[in-house]
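Student: First residue of the sequence shown: 2, per the numbering used here; consecutive thereafter.
Beta carbons: idealized from backbone N, C-alpha and C, even for Gly.
Here it is, the structure, as structure tokens.
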Amino acid sequence: MENPVVLGYMLLAPALIILLIFKAYPFFLGIWFSFTDKVAGDPGQFVGLANYVKQTGSQIFWTAFQNTIFFTAVATVFKTGLGMGLALLLHRKFRFSRIIRAAILLPFIVPTVLSTLSWVWMFDATFSVINWTLTWFWRLDIPLLEMSLKELTGSSITRIRILWLGDEYLAMASIIIVNVWRGMPFFAISFLAGLQTVPEDLYDAGDIDGTNRWQRFWYITLPMIKPIAVVVVVFSIVVTFADFELVYVLTRGGPFNSTHLLATLAYQVGMDSALLGEGAAIALFMLPILTVLIVWQLLYLRREEATN
Numbered sequence: 002m003e004n005p006v007v008l009g010y011m012l013l014a015p016a017l018i019i020l021l022i023f024k025a026y027p028f029f030l031g032i033w034f035s036f037t038d039k040v041a042g043d044p045g046q047f048v049g050l051a052n053y054v055k056q057t058g059s060q061i062f063w064t065a066f067q068n069t070i071f072f073t074a075v076a077t078v079f080k081t082g083l084g085m086g087l088a089l090l091l092h093r094k095f096r097f098s099r100i101i102r103a104a105i106l107l108p109f110i111v112p113t114v115l116s117t118l119s120w121v122w123m124f125d126a127t128f129s130v131i132n133w134t135l136t137w138f139w140r141l142d143i144p145l146l147e148m149s150l151k152e153l154t155g156s157s158i159t160r161i162r163i164l165w166l167g168d169e170y171l172a173m174a175s176i177i178i179v180n181v182w183r184g185m186p187f188f189a190i191s192f193l194a195g196l197q198t199v200p201e202d203l204y205d206a207g208d209i210d211g212t213n214r215w216q217r218f219w220y221i222t223l224p225m226i227k228p229i230a231v232v233v234v235v236f237s238i239v240v241t242f243a244d245f246e247l248v249y250v251l252t253r254g255g256p257f258n259s260t261h262l263l264a265t266l267a268y269q270v271g272m273d274s275a276l277l278g279e280g281a282a283i284a285l286f287m288l289p290i291l292t293v294l295i296v297w298q299l300l301y302l303r304r305e306e307a308t309n
């Protein structure tokens, strides 16, 4: 092949075809469905913005919208903070550091459904290892814990049963815990890669100026890894905002729709109820927010490159 440009396009063609078939086509088809009253087995008719207007009047939709914002914000804050702390620990030199760094990625690389099923068992009210551990601590005859349990129940308890997935607040806390557990390794490894690019000369200069650990982190480490941190955080927000598998396996939006996210609600309306048009409209409510985040990220990174 004499023309390298043609060769380049030929090599990219298979990947481009796959993206068009499995990404672009479903995306634009979903946009079209959101403007129709399509149901399973019926092509449907064009109804304009009727599906969007209908959802704005639904209390379940607004509950799912608020849950999505809350779930994404809280989980991202914890993943960022814990991921940074773990990255700082892994950045130190110690024995078996490479093995531990590789093991840290296990929660992130294990299939979501498989790992979440393990958490379903851990949160089970009857066979929960968490409840069993609490019961074991209670059987140690700790006076303060024993007194508080008797005050709450009015009688002696032989087993503690907490409905982790049966209470609306505990269920939301549970899906946040699992999301943080699963996403934190990605943050840690990404931040660790950024930490390894910080020149040691900057830390030596800081030591000469008499900086403490917090000042070194705030004025040297954080500014140097800020571009990586922005990309990681925005990517996590996009993925967390559209999280489906984890919530569906754990709670399926329950109890009483208290953990429904836009992704799970769209699936319930579109697939379980066969209202494909309304389900597509619910899913596309996420698009403007995610688009703004991605555009802001690109503008920020370009501004950083221009200033540097």
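Just the C-alpha distance for W215 and W165, rounded to the nearest angstrom, thanks.
Tutor: Along the sequence shown, read from residue 1 onward, the residue named residue 215 stands at position 214. Along the sequence shown, read from residue 1 onward, the residue named residue 165 stands at position 164. For W215 and W165, the distance between alpha carbons rounds to 37 Å.
Student: Using 10 angstroms around the beta-carbon of L21, count the other beta-carbons present and answer buried if the total reaches 16, otherwise exposed.
Tutor: By one-based count along the sequence shown, residue 21 stands at place 20. It counts as exposed.
Student: Pull the bridge partners of D125 from the DSSP assignment, please.
Tutor: Here residue 125 is taken as the residue at index 124 of the sequence shown, counted from 1. BP columns for D125 are empty, so no partner.
Student: How many Å lie between F187 and G49 at the Cα?
Tutor: In the sequence shown, counting from the first residue as 1, residue 187 sits at position 186. In the sequence shown, counting from the first residue as 1, residue 49 sits at position 48. Each residue's alpha carbon lies about 41 Å from the other.
Student: When the Cα of L262 is compared with those of I32, A284, L276, T292, which residue comes out closest?
Tutor: In the sequence shown, counting from the first residue as 1, residue 262 sits at position 261. Nearest of I32, A284, L276, T292 to L262, Cα basis: A284.
Student: Only counting the same chain, and skipping five residues up and downstream in sequence, which positions put a Cβ closer than 8 Å to that of L153?
Tutor: As a position in the sequence shown, residue 153 is number 152, starting the count at 1. Any answer about L153 is weak, because its pLDDT of 49 lies below 50 and its placement is not dependable; what the coordinates show is given next. No residues qualify anywhere along the chain.
Student: Quick check on W120: buried or exposed, where buried means 16 or more other Cβ atoms within 10 Å of its Cβ?
Tutor: For the purposes of this step, residue 120 is taken as the residue at position 119 of the sequence shown. Result: buried.
Student: Return helix, strand or coil for D38, following the three-state DSSP convention.
Tutor: For the purposes of this step, residue 38 is identified with residue 37 of the sequence shown, where counting begins at 1. In the structure shown, D38 sits in coil (DSSP, three-state: anything other than H, G, I, E or B).
Student: Under 9 Å between the Cβ atoms of L1 and A88?
Tutor: The displayed coordinates of the chain run from 2 to 309. Any statement about residue 1 would go beyond what the structure contains.
Student: Find the nearest neighbour of V231 within the set T127, R217, S191, P5, judged by alpha-carbon distance.
Tutor: Position 230 of the sequence shown, counted from the start, is the residue given in the question as residue 231. Cα-wise, what sits closest to V231 is S191.
Student: What does the alpha-carbon distance come out to for the pair P5 and D43?
Tutor: To locate residue 5, count along the sequence shown from 1; it is residue 4. To locate residue 43, count along the sequence shown from 1; it is residue 42. Near 48 Å, if we compare the C-alpha coordinates of D43 and P5.
Student: Any contact of the region 21-38 with the region 262-281, i.e. 3+ C-beta pairs under 8 Å?
Tutor: A contact exists between the region 21-38 and the region 262-281.
Student: Quick check: the Cα distance between L171 and S59, rounded to an integer number of angstroms?
Tutor: Counting from 1 along the sequence shown, the entry for residue 171 is found at position 170. Counting from 1 along the sequence shown, the entry for residue 59 is found at position 58. Distance between the alpha carbons of L171 and S59: 24 Å.
Student: Bridge partners of D210, per DSSP?
Tutor: Within the sequence shown, the letter at position 209 stands for residue 210. The partner list for D210 (beta bridge, DSSP) is empty, contrary to what the question assumes.
Student: Is the separation between the beta-carbon of F79 and that of I221 shorter than 9 Å?
Tutor: Residue mapping note: residue 79 aligns to position 78 of the sequence shown, counting from 1. Residue mapping note: residue 221 aligns to position 220 of the sequence shown, counting from 1. Cβ distance not < 9 Å, so F79 and I221 don't count as in contact.
Student: What are the residues that DSSP puts in a beta bridge with D43?
Tutor: Mapped onto the sequence shown, residue 43 falls at position 42. Beta-bridge pairing links D43 to V40.
Student: Distance, Cα to Cα, W133 vs L118?
Tutor: Sequence index remark: in the sequence shown, residue 133 carries index 132 (1-based). Sequence index remark: in the sequence shown, residue 118 carries index 117 (1-based). W133 and L118: Cα-Cα distance of roughly 18 Å.
Student: Comparing C-alpha positions only, which one of I101, R102, F286, R162 sits nearest to I131?
Tutor: Numbered from 1 along the sequence shown, position 130 holds the residue referred to as residue 131. For the residues I101, R102, F286, R162, the minimum Cα distance to I131 belongs to R162.
Student: Does the distance from the C-beta atom of T69 to that of V234 stay below 9 Å?
Tutor: Here residue 69 is taken as the residue at index 68 of the sequence shown, counted from 1. Here residue 234 is taken as the residue at index 233 of the sequence shown, counted from 1. It is not a contact, given that the beta carbons lie outside the stated cut-off.
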